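Visitor: Have a look at this one.
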Amino acid sequence: MSRYLHTSIFVNDMKESIDFYTGKLGLKLLEGPLHYPGNADMAFVGKDWNAYIELVYDLEDHPPYEVGNRYEHLALEIDGKLEPFIAQLKAQGVKIIKDVKKSPSGQGALAFVEDPNGIPVELLEARVRT
């Protein structure tokens, strides 16, 4: 059976992107950055290897990446309450796209922030699973 593994995103600055996902959002650096000469630098961030984000810095000359018009967002579940977490991100200078509001199901809260590459990241309080 197939399973979801990861999302891969191009980044403009590997160090800044690793810092955002690990230092600000609290994911772990699982591996990397790895250097593939003539191809790309890659790093992997996540809670574990069950589902993670692959950060890719293309080594070929190119203009800075822009978010495509069909890419919607990444979503991460956070530990604890969202409001103090968003306040902490604001204090760290993270761009808040949509501030904390109740989720459509009413079972928690959600907010949107922007990563250093312009990618929207939805942050959700953990759902109560029954």
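Numbering (our numbering), first residue to last: 41 to 170. C-beta: ideal position from N, C-alpha, C; glycine also. Quick caveat, the model's predicted, so the values are computed rather than measured.
1. In terms of residue numbering, what span does the beta strand (DSSP E) encompassing Phe-84 cover?
2. Considering only C-alpha positions, which residue in the set Ile-93, Lys-135, Pro-160 is nearest to Glu-106?
3. Can you list, in chain order, the stretches of the alpha helix (DSSP H) that have 4 or more residues and sit fully within the segment 122-167?
4. Which term fits Ser-48, buried or exposed, when burial requires 16 or more other beta carbons within 10 angstroms of its beta carbon?
5. Rounded to whole angstroms, what is the Cα-Cα separation between Pro-73 and Glu-56?
6. Which whole-angstrom value is the C-beta distance of Val-153 and Leu-129, which I expect to be below 8 Å?
Guide: On the basis of the data shown:
1. 80-88
2. Pro-160
3. 122-131
4. exposed
5. 12 Å
6. 6 Å
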